[in-house]
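Chemist:
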Amino acid sequence: MPKTRQAPDCGLPRLRQSPTRNGLSLRAGIAPTTSCVLGARREARPCNADLLSHPAHLLHHNDIRLKAQKWVSHRLDRMDPESQTELRDFGALATWFSPRLQPQDLSYLGPQSAAALREYRDQNHYVKREQPTATLISAALACQAFRLLTSRARDRYRRFAPLLRGPYHCLGPGSHTSKGPMILSHKRLMSLSEPLQHKLLRSADPYLPVSERLRYRTCTPQPHPPEPGSTLATERARHVPQYLWHDWIIRFLPDRGAHVDAIATDLPIALLIPGNPIRNIHATTELNPWRNNVSIALGELTRRHPGLLTAICALADYLDTEGSPVDYRRRRETFRDIELSQQVWEHYCDQANANPGKGARRFNARRYIFQMLTGADLSNPQHSLAFRTGEDQDRYMGQFQREMETALRASLHEHAAGLLAAAGIDEPVNWSPPAECVAGLRLPGREPGDINTRLLYQLITIEKCSFTAVARQLGVTIEHVRYITRQLYRETTKHPKNSSPAARQARHRANGILDRAFYEREHIQARKDLPTIAAETGFTRRLVARYARKAGISINPAIKKMADIDRRWLAEQAGKLFRTNDDIAAELGLRGETIRRYRRNYGIRGRSTGSAGHVITNLKHPSLPRDIRLAVEGQRGGWQRLQRFQQMMAYPSINSAAQALALRHQNLTLQINRLEADIGEPLIQRAPHRYTAMLPTRRGQRLLDHLQQPHIQQQLNQYATANAPPKHGPRKGKSRAVTGSVRIVETTRPSIGSGRSLG
6 MPKTRQAPDC GLPRLRQSPT RNGLSLRAGI APTTSCVLGA RREARPCNAD
56 LLSHPAHLLH HNDIRLKAQK WVSHRLDRMD PESQTELRDF GALATWFSPR
106 LQPQDLSYLG PQSAAALREY RDQNHYVKRE QPTATLISAA LACQAFRLLT
156 SRARDRYRRF APLLRGPYHC LGPGSHTSKG PMILSHKRLM SLSEPLQHKL
206 LRSADPYLPV SERLRYRTCT PQPHPPEPGS TLATERARHV PQYLWHDWII
256 RFLPDRGAHV DAIATDLPIA LLIPGNPIRN IHATTELNPW RNNVSIALGE
306 LTRRHPGLLT AICALADYLD TEGSPVDYRR RRETFRDIEL SQQVWEHYCD
356 QANANPGKGA RRFNARRYIF QMLTGADLSN PQHSLAFRTG EDQDRYMGQF
406 QREMETALRA SLHEHAAGLL AAAGIDEPVN WSPPAECVAG LRLPGREPGD
456 INTRLLYQLI TIEKCSFTAV ARQLGVTIEH VRYITRQLYR ETTKHPKNSS
506 PAARQARHRA NGILDRAFYE REHIQARKDL PTIAAETGFT RRLVARYARK
556 AGISINPAIK KMADIDRRWL AEQAGKLFRT NDDIAAELGL RGETIRRYRR
606 NYGIRGRSTG SAGHVITNLK HPSLPRDIRL AVEGQRGGWQ RLQRFQQMMA
656 YPSINSAAQA LALRHQNLTL QINRLEADIG EPLIQRAPHR YTAMLPTRRG
706 QRLLDHLQQP HIQQQLNQYA TANAPPKHGP RKGKSRAVTG SVRIVETTRP
756 SIGSGRSLG
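Here the working numbering is used: the first residue of the sequence shown is 6, the next is one more, and so on.
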């Protein structure tokens, strides 16, 4: 082992180099080992002094540098395969320690070594030549490697920890703060022997990030680094769905502290990390990019359930060795969308006596088949069938999944199998790894069958309890209740006769019964009338009559004996004179229902019931301006609103107009808003503040001009019978005429008060 010497010429401290330096010196083989290769300054020539001519400072016999030298010399003397492996590890560790040591790590070697490393880091570590500190640092690196190789299991991580630092925060001058999580140097780790790799990885397991623990499998009894260029994880993605298998969600989901979607989407991408040499977000891009919050979530879950990462590695190993009968990669490429026509969907619903509902229910059925085939995450917006909103997801999970009948679920499974066969894929519809691949491991959740199914059926089917209440009573998760509910048999729903499913089923039966031969036999030959046929078949009279017309048979011959009413006469009486059905029926000696039926057959629109049938409301005025027609034709109270508008514009504000007209402010405002809505544009410009008078817009001014025309004013006075004259006229003041009798008051100064003018 070296002895401390000082060069007689340059006066710099040197360690006498050992003949067996194992590549620790940068100048090995260039100068004699007993000659000083340093100069007094950086640009000076080496002094070439003989170090043996200067007295050495002896080290203590227990100095670790002497122990390291003895350990190296002993293995150099033996040179058996084991010694060669240890020496290779010794050199590789020393090289690994070189850029990652901090001065405080060398405190056990004395202040001289720490100062040498500090000088090397802060001043001249980038100079590619022998430095005054090189020998001391080489000895320190050798001691660090020796301590790690000879350490016991309990001390191994403490001596291995400096190698987990990133070199980018070790080389900066005065930088002692970690800038990132502990991370392994894959290249350096691969240079070590396999037994040493196992020891170091096992010792560092509790302190590594989740991604590194999975990548190197440090949580397993046999950790090992991934092979460079390995495609094992890439091939594993072929067998992993984007949304975790439902039974494995139950096993990995704890009772509290985790979200179902987070577990179901994070664990599949975690299955792609073991043995994956790629260390960025592209390692799991095929399913979902690896995100930092995934590491955080899995890290928190692992602290509560230490066996989680071990189970993930075991599941990944099973997929690597046994594979899977389902190729999800091929399915993801084949099924971008699911084809399920309305006719096929109604056929499935008829078979299961289920309600097809509207388009949203069929869309959810397509989602169900899509997720069943591809294992897709429906919360991912990249899918065409993904959830649009949170309410959309709630309807799918809470209504569609829960209310699906067993027969309908079986039909959808058959449809999925048919899609696979049509695509030339010979695979089962569903598959998941067996639970034996994680046997002996303690998982966060529980086994899917570990639940009282009889009590679950009682609570869900009979008592109609919510999933939350059932999960709380059984002590399981809501997802566990959902999973088991899908396994239970759900009977078909009994729909009332007037419901949509019952009507559709009746039409389905009628298609096979009510044909032309049936009507010829029962109606024409047997002389059965409509009520009799409806009672015997169980169909409604309307359905029997509809299919009779479809078959070309008139099932009610009595309709030919009805009175013949002239079409034009009835159109004039009901369409123009707006006579009621009863009035016309009394004149003809018929019933009002008969007149209504004739009007329906002739397509005559009669007088509307209620106020909509008022004569003034239904009058047409083709000669009036368009704005007035929009306000009065088909609008109840349109003439009154026009006159209110004309009267209101004589006042500076709506408040003053309402007071003068003995109206409430709200009523007058509603009338003007309704008038503006009928015409389609604003008629007045509201005052920005209380001291400015309102003004008519261009459209409003044009309407005022129309209302001032004599013939329109005459009609306005005739039809606006509900209008009351104002209690008193406009307020006096300095004013200017707008048009006709419409005036807007302007005062010289603003004033506040209900009885004062607004300027």
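Yeah, the Cβ is synthetic: ideal placement off N, Cα and C, and Gly gets one too. Quantities reported herein were computed from a predicted structural model and do not represent experimental measurements.
(1) Just how far apart, CA to CA, sit histidine 388 and asparagine 672?
(2) Cβ atoms of alanine 242 and arginine 334: under 9 Å apart, would you say?
(3) Going by CA-CA distance only, name the one from Ala531, Met402, Leu417 and Glu410 that's closest to serine 471.
(4) For isoleucine 689 and leucine 582, I'd like the C-alpha separation in whole angstroms.
(5) Buried or exposed for serine 208, going by 16 or more other Cβ atoms inside 10 Å?
(6) With a cut-off of 8 Å on the beta carbons, I'd call isoleucine 558 and arginine 532 a contact; round off their distance for me.
(7) Would you report the Cα separation of proline 330 and arginine 551, rounded to the nearest angstrom?
(8) If you reduce the DSSP assignment to three classes, tell me which class glutamine 690 lands in.
(9) Going by beta carbon distance, what residues of the same chain come within less than 6 Å of alanine 444, once the five residues before and after it are set aside?
(10) Please identify the residue among Ala474, Leu122 and Pro453 whose C-alpha is closest to the C-alpha of tyrosine 488.
(11) Mind checking who leucine 700 pairs with in its DSSP beta bridge?
(12) Taking only three categories from DSSP, how would you classify glycine 364?
(13) DSSP on aspartate 332, reduced to helix/strand/coil?
(14) Please state if the CB of arginine 366 and the CB of asparagine 358 are separated by a distance shorter than 9 Å.
(15) For lysine 192, count neighbouring C-beta atoms within 10 Å of its own C-beta (all shown protein chains included) and say buried if the count is 16 or more, exposed if not.
(16) Between which two residues does the alpha helix (DSSP H) containing asparagine 672 stretch?
(17) With respect to the alpha helix (DSSP H) encompassing cysteine 354, which residues constitute its N-terminal and C-terminal limits?
(18) Would you mind working out which of Arg451, Glu305, Arg477 and Pro449 sits nearest leucine 460, comparing C-alpha positions?
(19) Determine, using beta carbons only, whether glycine 380 and isoleucine 254 come nearer to each other than 9 Å.
(20) Contact between the segment 692–709 and the segment 646–654 is defined here as three or more beta-carbon pairs at a separation below 8 Å; is this criterion met?
(21) Could you give the DSSP three-state label for tryptophan 250: helix, strand or coil?
(22) Among Leu383, Trp644, Cys354 and Trp436, which residue has its Cα nearest to the Cα of proline 506?
(23) Determine the burial state of alanine 158: buried for a count of at least 16 other Cβ atoms within 10 Å of its Cβ, exposed for fewer.
(24) Tell whether a beta-carbon distance below 9 Å holds between tyrosine 462 and leucine 424.
(25) By the DSSP assignment, the alpha helix (DSSP H) with serine 88 in it spans what residues?
(26) Can you tell which of Pro386, Gln356, Asn385 and Leu345 has the C-alpha that lies nearest to the C-alpha of asparagine 369?
(27) Nearest to glutamine 205 by CA position, among Asp94, Pro701 and Arg596, is which residue?
(28) Taking the alpha-carbon of glutamate 124 as reference, which of His485, Pro108 and Pro233 has the nearest alpha-carbon?
(29) Measure how close the beta-carbons of threonine 223 and tyrosine 248 come, nearest whole angstrom, since I'm counting them as under 8 Å.
(30) Just to confirm my understanding: we take arginine 372, look at its own chain, exclude 5 residues before and 5 after, and list those with CB closer than 7 Å. What are they?
(31) Mark glutamate 410 as exposed unless 16 or more other C-beta atoms lie within 10 angstroms of its C-beta, in which case mark it buried.
(32) For alanine 515, collect the residues of the same chain with a Cβ closer than 7 Å to its Cβ; drop the 5 residues on either side in sequence, then sort them by chain order.
(33) Could you pull out every residue in the same chain whose Cβ sits closer than 6 Å to the Cβ of lysine 732, ignoring the five residues on either side in sequence?
(34) Leaving out the 5 sequence neighbours to the left and right, which residues in its chain are closer than 7 Å to isoleucine 600 when beta-carbon positions are compared?
(35) State yes or no: is the C-beta of alanine 412 within less than 9 Å of the C-beta of glutamine 356?
Modeler: Looking at the atomic coordinates:
(1) 52 Å
(2) yes
(3) Met402
(4) 38 Å
(5) buried
(6) About 13 Å; that fails the 8 Å criterion.
(7) 53 Å
(8) strand
(9) none
(10) Pro453
(11) Gln690
(12) helix
(13) coil
(14) no
(15) exposed
(16) 670–684
(17) 347–357
(18) With distances taken between Cα atoms, leucine 460 lies closest to Arg477.
(19) Not in contact: glycine 380 and isoleucine 254 (Cβ atoms no closer than 9 Å).
(20) yes
(21) coil
(22) Cys354
(23) exposed
(24) no
(25) 86–102
(26) Leu345
(27) Correcting the residue identity first, residue 205 is leucine in this sequence and not glutamine. Residue Asp94 is the option with its Cα nearest to leucine 205.
(28) Cα-wise, what sits closest to glutamate 124 is Pro108.
(29) No, threonine 223 and tyrosine 248 are not in contact; Cβ-Cβ is about 28 Å, not under 8 Å.
(30) Leu383, Leu390 and Tyr401
(31) buried
(32) Phe544, Leu548 and Tyr552
(33) Model confidence at lysine 732 stands at a pLDDT of 40, short of 50, so the residue's coordinates are unreliable; what they give is reported in the following sentence. Excluding residues within five positions, the ones whose Cβ falls inside 6 Å are Ala667.
(34) Asn586, Ile589 and Ala590
(35) yes
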